[in-house]
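Residues in the sequence shown are numbered consecutively from 274, following this note's numbering.
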Amino acid sequence: MSESKRQSSPGTVRHIRGRTDSGRSDGRLLRGVRARQTITHHAADVASLEGLNGLSIGRLATDLGLSKSGVQTLFGTKEILQLATVEAARERFTDAVIQPTQAVPHGAARLRALIERWISYATAPVFAGGCFWAANLPDFDSRPGQVQEMLFGQHQDWLALLTGELEHAVDAGEIADLDVELAAFQIDAVLMAANTALRLGDSEVVRKVRDLVDGFLLPPHRIDD
274 MSESKRQSSP
284 GTVRHIRGRT
294 DSGRSDGRLL
304 RGVRARQTIT
314 HHAADVASLE
324 GLNGLSIGRL
334 ATDLGLSKSG
344 VQTLFGTKEI
354 LQLATVEAAR
364 ERFTDAVIQP
374 TQAVPHGAAR
384 LRALIERWIS
394 YATAPVFAGG
404 CFWAANLPDF
414 DSRPGQVQEM
424 LFGQHQDWLA
434 LLTGELEHAV
444 DAGEIADLDV
454 ELAAFQIDAV
464 LMAANTALRL
474 GDSEVVRKVR
484 DLVDGFLLPP
494 HRIDD
């Protein structure tokens with residue numbers, strides 16, 4: 274029998290079928306990942322406007338023209354949907370605010386860069402309703418659970434980042450010695466208030482934020498004078 278007429282062996286058929294099945298499985302997985310990203314991206318925008326408690330699987334399915342059963346399959350419960358949304362929000366915040374500052378030297382310069390990126394994040398805004406955490410932390414301050422823990426943990430990470438850059442600035446002699454944790458707390462509180470002001474159309478608050486940060490970053494000799 275010639276080579277061209279030789280039939281494929283069962284093993285070859287199984288191998289080809291296996292590769293086909295694997296390709297289909299990979300395709301479904303990729304579509305699932307993309308669908309999940311699309312849903313959580315929209316969910317984060319909704320939550321920035323209406324809070325995480327305003328999310329529902331049915332609402333998101335309707336908004337995005339998806340089947341409710343399909344969204345249900347991806348997330349299962351409202352809490353899982355909320356957790357996935359909070360994580361997606363963190364990724365967007367990191368991309369918009371933190372990642373662009375990584376090439377800036379630690380200390381006063383990095384802190385200024387972070388604040389400028391935060392101002393852009395809030396004024397653009399990255400989320401439809403402004404700062405995601407300003408919108409959601411108050412709703413979960415008395416609701417123990419995984420969602421509260423994730424929101425609180427992310428906020429603590431942000432405070433730690435501000436504190437760390439202030440410590441770098443003090444250690445390098447760029448600014449006068451100060452209570453860095455208190456300063457970070459005050460900066461964050463002003464940013465939260467600025468988010469509300471921006472939502473109400475007060476663009477002048479941006480100057481106030483910069484003035485406050487400048488007050489913490491005065492060189493030591495300026496304080497002595």
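We put the beta carbon where it would ideally sit given N, CA and C, even for glycine.
Whole-angstrom distance between residue j and residue i, CA atom to CA atom
i: D487; j: L384; result: 10 Å
i: R309; j: L490; result: 42 Å
i: C404; j: A449; result: 30 Å
i: A320; j: E447; result: 39 Å
i: A467; j: G437; result: 22 Å
i: G324; j: S476; result: 24 Å
i: L451; j: G380; result: 14 Å
Where the alpha helix (DSSP H) through residue i begins and ends
i: V443; result: 419 to 444
i: I388; result: 381 to 396
i: S342; result: 341 to 348
i: R332; result: 330 to 337
i: V399; result: Element bounds for V399: n/a, residue is neither H nor E.
Exposure of residue i, with buried meaning 16 or more beta-carbon neighbours within 10 Å
i: E360; result: exposed
i: T346; result: exposed
i: S342; result: exposed
i: T374; result: buried
i: H441; result: buried
i: Q355; result: buried
i: L455; result: exposed
i: T350; result: exposed
Proximal residues to residue i (C-beta, below 8 Å), its chain only, five neighbours per side dropped
i: I460; result: I388, L435, L485, V486, F489
Proximal residues to residue i (C-beta, below 6 Å), its chain only, five neighbours per side dropped
i: M274; result: At M274, the pLDDT of 48 sits below 50, so the modelled position is not reliable; the number obtained from the coordinates is stated separately. Closer than 6 Å at the Cβ level, and outside the excluded window around M274, lies no residue.
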